[in-house]
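Peer 1: Chains H and U supply the protein sequences, listed in that same order. Residue numbers for the first sequence follow my numbering, beginning at 168 and rising by one. Residue numbers for the second sequence follow my numbering, beginning at 6 and rising by one. Attaching a single structure in structure tokens format; questions to follow.
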Amino acid sequence: MASESTGAAFTRRGFLGLGAAAAATTMLAACSGGSGGSAASDDDIEKAMKKGGSITWWTWTPQAKKQLAAFEKAYPKVKVKLRNVGSGGTQYTKLSNAIKAGSGAPDVAQIEYFALPQFVLAKSLVELSDFGFGSLKKLYANGTWDSVNVNGGLYGLPQDYGPMAYFYNKTVYDKYGISVPTTWDEFVAAAKKLHAANPKLYLLNDAGDPGFTTSMIWQAGGRPFKVDGTTVTVDLQDSGTKKWTSTWDQLVEGKLLNQTTAWTDAWYAQLGNGEIASVVTGSWMPGILETSVAQASGQWRVAPIPTYDGTPANAANGGSSHAVLKQGKNQTLAAGFLKWLCANTTSTRIFREQGGFPSTKSDLSASAWLSDAPAYFGGQKINKVLADASDSVLSGWQYLPYQQYANSVYSDAMSASYSNNTSLNPGLQAWQKAIVSYGNKQGFKVTGK
Amino acid sequence: MTTMSVRRRAGTPGTLRRDRRDWKGWAFIAPFALVFLAMTVVPIVYAIYLSLFRDQLVGGNSFVGLQNYLDVLSDAKFWSGMWRVAIFLVIQVPIMLILSLIAALALDSLRLYAVGFYRIMLFLPYAVPGVVAALIWGFMYGTQFGLAANINDFLGSQVLQPLTLRWILVSIGNIVVWEFMGYNMLIFYSALKVIPAELYEAAEIDGAGSWRTIFSIKIPGIRGAIVIATMFSVIGSFQLFNEPQLLQGLAPNAVSTYFTPNMYAYNLSFAGQQFNYAAAVAIVMGVITAVIAYVVQVRGTRQENR
């Protein structure tokens with residue numbers, strides 16, 4: 168459930184990362200390199216787009232309609248049927264069922280980075296380097312490109328990005344004399360201070376969320392999942408993971424975390440009334456705060472997330488790609504649409520302007536965007552902070568090829584630790600056991616360390 | 006019908022006649038048989054077929070015989086869910102049925118004003134869809150802004166924690182009692198209405214008081230209804246799904262993905278893509294439920310006949 172709620176959050180934000188600096192035509196020309204073979208060339212794609220046809224697109228981003236309107240203006244003969252079948256896990260379930268049934272899947276679908284490997288493995292997605300998309304690499308921020316490359320193949324184009332950031336309620340911080348922590352040690356001290364000053368207030372909420380946990384382990388330098396084809400190693404006891412748990416245990420055991428389930432009405436209400444004073448999450452959060460926590464307008468600010476030693480280190484939380492499904496009849500046309508959606512500057516600009524957090528370097532450095540100073544955040548130039556956050560995302564992180572399942576059973580393993588305010592480690596061991604056992608049942612070669 | 010068979014009996018050899026009559030009978034039940042076949046038999050057969058395979062993310066589909074069943078029988082998660090609904094059944098069903106019985110007897114006692122009003126009020130929760138009921142209660146159980154929070158504020162302590170690991174089963178039991186008490190009350194009430202008035206007259210003449218009437222006439226008189234209601238409740242308990250599934254969204258730490266066998270089967274197939282194993286879980290569940298319901302029925306009926 169937790170993972171689903173997270174998915175719902177992504178919905179509202181909707182980030183497409185697109186935008187390439189170059190104009191569409193320039194881009195098409197630039198990418199003619201391709202990866203040879205029987206691949207379709209840019210000319211083939213352009214021909215297919217001119218000829219027209221009909222494709223289906225599944226997405227839950229709020230920006231989709233406006234992007235589609237712009238697309239249909241540029242390519243009037245291509246009819247794209249936009250469908251929102253649910254966000255995150257809900258969509259993946261429907262997608263898996265359609266793939267299994269052999270019909271009913273869309274031509275292009277939004278898939279979060281963490282879920283991409285699962286679809287690659289099921290051989291449901293089209294390898295995009297056949298269309299010469301490999302050369303688009305230079306358009307995207309570090310980290311997003313890694314996420315769409317699975318087992319040495321390119322299976323999607325980045326839409327949006329979720330480098331983590333630290334959102335905090337300045338009004339509460341000022342009132343209780345809390346300064347924005349730059350290290351996790353300072354954070355723990357601040358959490359104690361705030362909760363002691365007013366037992367109703369908590370510096371942070373965490374009731375156990377797999378997406379958050381994996382991002383935090385990522386930031387601490389842990390790399391618990393190593394995937395090489397179908398060989399998987401799981402080590403939720405590695406030094407990075409331990410680094411995170413040794414900090415987080417202080418918060419859990421000290422009862423310093425608000426344990427309202429995230430993304431529920433009660434959670435939003437507490438973000439609004441100050442009882443939860445900070446949120447550590449992906450850079451797509453501002454849009455959600457503005458719409459769902461409207462009553463706290465003017466109180467929230469953004470900062471880089473605390474680190475272990477004070478030098479910038481970050482991880483990503485969430486973010487989506489778009490991919491072309493093998494089941495589709497007109498894959499060349501679908502690839503053309505995908506490329507326009509994720510690499511055309513018009514498309515990425517619309518996405519950015521409609522509240523999405525871009526994955527494209529050109530949009531991340533667009534001055535109009537960087538100087539945006541929303542009143543909700545007291546006039547702070549938040550995009551500057553968020554763009555900087557995307558620069559320090561650590562590399563080398565891998566998700567499991569069946570991360571969606573692993574996330575769905577996370578609470579089963581962790582509930583005792585969170586419910587009883589005890590160390591997280593036994594929970595992580597139980598989670599690892601479940602991950603290893605499921606993987607082996609599914610035909611992977613999984614070893615747990 | 007009668008004339009036709011008489012005529013046939015006169016002219017045709019026995020076997021042929023029987024064949025033709027059988028065929029005609031099938032024609033009459035065909036509408037039912039078709040729906041029954043399509044909606045009940047085919048899905049069950051398909052589930053059994055599915056349960057004999059294993060479709061892996063890596064390696065594809067293969068026939069595994071009864072391996073899935075062997076796995077279910079030694080699956081700790083499955084049994085923990087089963088054990089949980091068994092405890093639920095043993096505690097929640099008697100409480101609910103006794104409350105329903107008391108309500109039905111009260112309505113039947115002729116001592117209440119506005120019987121129709123109470124009857125409809127008690128029955129009303131049953132008309133609320135289970136999903137909506139779970140959402141309403143989930144909201145009331147909230148310790149931040151719900152009713153539970155208000156009570157805790159009033160008492161000045163965090164005594165009510167309905168959505169925690171420790172209390173969740175009680176909280177779910179409370180919802181189920183609220184939902185189904187009125188339904189069972191109605192079954193009992195209608196059974197009470199058909200007890201012949203002569204029995205009451207005779208009891209009155211013999212000098213029996215209210216309690217005596219209840220225990221010697223009313224309750225024995227509705228034994229059949231009690232057996233039926235018990236059976237429905239037993240089956241309902243084993244199929245517990247809506248309430249925990251919806252509360253899981255609010256309290257993932259209190260409700261696991263294998264909280265009840267049905268939830269386990271659901272999550273196996275929709276989160277884990279383990280359709281084959283889920284089919285085996287569902288079939289084992291179905292068999293166990295059928296056996297227990299049958300035992301309840303046989304026991305109940307035997308006592309009735311005694």
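The beta-carbon is built from N, C-alpha and C at its ideal position, and this holds for glycine as well.
So, with DSSP's three-state summary, where would you put P48/U?
Peer 2: Working through the second sequence from its first residue, we reach residue 48/U at position 43. Helix.
Peer 1: Quick check on P167/U - is its C-beta less than 8 Å from some C-beta in chain H?
Peer 2: In the second sequence, residue 167/U corresponds to position 162, counting from 1. Cβ-Cβ to chain H under 8 Å: no for P167/U.
Peer 1: CB-CB under 7 Å to I278/H, same chain, minus the five flanking residues each way: which ones, in chain order?
Peer 2: As a position in the first sequence, residue 278/H is number 111, starting the count at 1. For I278/H, where only same-chain residues beyond five positions count, the Cβ hits under 7 Å are F286, G323, S487, S488, A490.
Peer 1: Could you compute how far the alpha carbon of S242/U sits from the alpha carbon of F93/U?
Peer 2: Along the second sequence, read from residue 1 onward, the residue named residue 242/U stands at position 237. Along the second sequence, read from residue 1 onward, the residue named residue 93/U stands at position 88. Computed Cα separation, rounded: 7 Å.
Peer 1: Leaving out five residues before and five after V199/U in sequence, what residues of the same chain have Cβ atoms less than 7 Å from its Cβ?
Peer 2: For the purposes of this step, residue 199/U is taken as residue 194 along the second sequence, with counting starting at 1. Correct list: empty, nothing qualifies.
Peer 1: Do you know how far the Cα of V301/U is from the Cα of W142/U?
Peer 2: Position 137 of the second sequence, counting from 1, holds the residue named residue 142/U. Position 296 of the second sequence, counting from 1, holds the residue named residue 301/U. Spanning the two alpha carbons is a distance of roughly 31 Å.
Peer 1: Can you tell me which of the three DSSP states T412/H falls into?
Peer 2: What you label residue 412/H is simply residue 245 of the first sequence in a count that begins at 1. Three-state result, T412/H: helix.
Peer 1: Straight-line CA distance for S221/H to A542/H?
Peer 2: To locate residue 221/H, count along the first sequence from 1; it is residue 54. To locate residue 542/H, count along the first sequence from 1; it is residue 375. Between S221/H and A542/H, the C-alpha separation is close to 42 Å.
Peer 1: Can you say whether C198/H is buried or exposed, counting buried as having 16 or more other CB atoms within 10 angstroms of its CB?
Peer 2: For this step, residue 198/H is matched to residue 31 along the first sequence. Because C198/H sits at a pLDDT of 39, beneath the cut-off of 50, its placement in the model cannot be relied upon, and the point is left open.
Peer 1: Going by CA-CA distance only, name the one from V296/U, A298/U, A285/U that's closest to S79/U.
Peer 2: Numbered from its first residue, the second sequence carries residue 79/U at position 74. When only C-alpha atoms are compared, the closest one is A285/U.
Peer 1: Name the residue from I443/H, Q599/H, I472/H whose alpha carbon lies nearest to the alpha carbon of V460/H.
Peer 2: For the purposes of this step, residue 460/H is taken as the residue at position 293 of the first sequence. The candidate whose alpha carbon is nearest that of V460/H is I443/H.
Peer 1: By DSSP's criteria, Y307/H is part of a beta bridge. Which residues make up the other side?
Peer 2: For the purposes of this step, residue 307/H is taken as residue 140 along the first sequence, with counting starting at 1. According to DSSP, Y307/H bridges with T527/H.
Peer 1: If you draw a straight line from the C-alpha of Y343/H to the C-alpha of Q466/H, how long is it?
Peer 2: In the first sequence, counting from the first residue as 1, residue 343/H sits at position 176. In the first sequence, counting from the first residue as 1, residue 466/H sits at position 299. Y343/H and Q466/H: Cα-Cα distance of roughly 14 Å.
Peer 1: Could you tell me whether any Cβ in chain H is nearer than 8 Å to the Cβ of W31/U?
Peer 2: For the purposes of this step, residue 31/U is taken as residue 26 along the second sequence, with counting starting at 1. For W31/U, the answer is no, since every Cβ of chain H falls outside 8 Å of its Cβ.
Peer 1: If you measure beta-carbon to beta-carbon, which residues of the segment 260–276 of chain U are closer than 9 Å to chain H?
Peer 2: V260, S261, T262, Y263, N272, F275, A276
Peer 1: For chain U, check one thing: does any of its Cβ atoms lie closer than 8 Å to the Cβ of F379/H?
Peer 2: If you number the first sequence from 1, residue 379/H lands on position 212. Answer no: the Cβ-Cβ gap between F379/H and chain U never drops below 8 Å.
Peer 1: In three-state DSSP terms, what is Q278/U?
Peer 2: Position 273 of the second sequence holds residue 278/U. Three-state DSSP puts Q278/U in coil, outside helix and strand.
Peer 1: If you count every other CB in all the chains shown that lies within 10 Å of the CB of G606/H, and 16 or more means buried, which is it?
Peer 2: To locate residue 606/H, count along the first sequence from 1; it is residue 439. Classification for G606/H: buried.
Peer 1: Since S270/H meets chain U, which of its residues come closer than 7 Å, beta carbon to beta carbon?
Peer 2: Within the first sequence, residue 270/H is the residue found at index 103, counting from 1. In chain U, no part has a C-beta under 7 Å from the C-beta of S270/H; the shortest such distance is about 18 Å.
Peer 1: Indicate whether the contact test is met: 3 or more Cβ pairs, each with one atom in the segment 366–381 of chain H and one in the segment 580–595 of chain H, closer than 8 Å.
Peer 2: yes
Peer 1: Note down, one range per segment and in chain order, each beta strand (DSSP E) of at least 3 residues found wholly within the segment 456–482 of chain H.
Peer 2: 467–470
Peer 1: Could you give the residue range of the alpha helix (DSSP H) that holds A119/U?
Peer 2: Against the second sequence, residue 119/U aligns to sequence position 114. No alpha helix (DSSP H) holds A119/U; DSSP gives it neither H nor E.
Peer 1: Given a limit of 8 Å on CB to CB distance, which residues of the segment 595–606 of chain H reach chain U?
Peer 2: Y605
Peer 1: Give the straight-line distance between the Cα atoms of F68/U and F58/U, rounded to the nearest whole angstrom.
Peer 2: Walking along the second sequence from the start, residue 68/U turns up at place 63. Walking along the second sequence from the start, residue 58/U turns up at place 53. Roughly 4 Å separates the two Cα atoms.
Peer 1: Run through chain U and tell me which residues come within less than 7 Å of A433/H, C-beta to C-beta.
Peer 2: Residue 433/H sits at position 266 when you count from the first residue of the first sequence. Result: G147, Q149, F150.
Peer 1: Give me the Cα-Cα distance between T614/H and D395/H, rounded to the nearest whole angstrom.
Peer 2: Here residue 614/H corresponds to residue number 447 of the first sequence, with the count starting at 1. Here residue 395/H corresponds to residue number 228 of the first sequence, with the count starting at 1. Going by the C-alpha atoms only, they are around 12 Å apart.
Peer 1: Tell me the DSSP secondary structure of A272/H in three-state form.
Peer 2: For the purposes of this step, residue 272/H is taken as residue 105 along the first sequence, with counting starting at 1. A272/H: coil per DSSP, three-state reduction.
Peer 1: Could you tell me whether the segment 430–447 of chain H touches the segment 542–557 of chain H, using the rule of 3 or more Cβ pairs below 8 Å?
Peer 2: no
Peer 1: DSSP on L292/H, reduced to helix/strand/coil?
Peer 2: Taking the first residue of the first sequence as 1, we reach residue 292/H at position 125. Here L292/H sits in strand by DSSP.
Peer 1: Is W172/U helix, strand or coil when you go by DSSP?
Peer 2: Position 167 of the second sequence, counting from 1, holds the residue named residue 172/U. Of the three classes helix, strand and coil, the one that applies to W172/U here is coil, per DSSP.
Peer 1: Indicate whether V98/U and T235/U have their beta-carbon atoms separated by less than 8 Å.
Peer 2: Position 93 of the second sequence holds residue 98/U. Position 230 of the second sequence holds residue 235/U. It is a contact, given that the beta carbons lie within the stated cut-off.
Peer 1: Can you tell me whether N258/U is buried or exposed, with buried defined as 16 or more other CB within 10 angstroms of its CB?
Peer 2: Counted from its first residue, the second sequence places residue 258/U at position 253. Flag for N258/U reads buried.
Peer 1: Look at the alpha carbon of L71/U and the alpha carbon of G65/U, and state the distance between them as a whole number of angstroms.
Peer 2: Mapped onto the second sequence, residue 71/U falls at position 66. Mapped onto the second sequence, residue 65/U falls at position 60. Between L71/U and G65/U, the C-alpha separation is close to 18 Å.
Peer 1: So, with DSSP's three-state summary, where would you put Q61/U?
Peer 2: Locating residue 61/U in the second sequence gives position 56, where the first residue counts as 1. Note: Q61/U maps to strand in three-state DSSP.
Peer 1: Examine the Cβ distances between the segment 567–575 of chain H and the segment 353–366 of chain H and report whether three or more of them are shorter than 8 Å.
Peer 2: Too few Cβ pairs lie closer than 8 Å, so no.
Peer 1: First and last residue of the beta strand (DSSP E) that includes N550/H?
Peer 2: As a first step, residue 550/H must be located in the first sequence, where it is residue number 383. In this chain, N550/H is not harboured by any beta strand (DSSP E); it is covered by the alpha helix (DSSP H) spanning 549–558.
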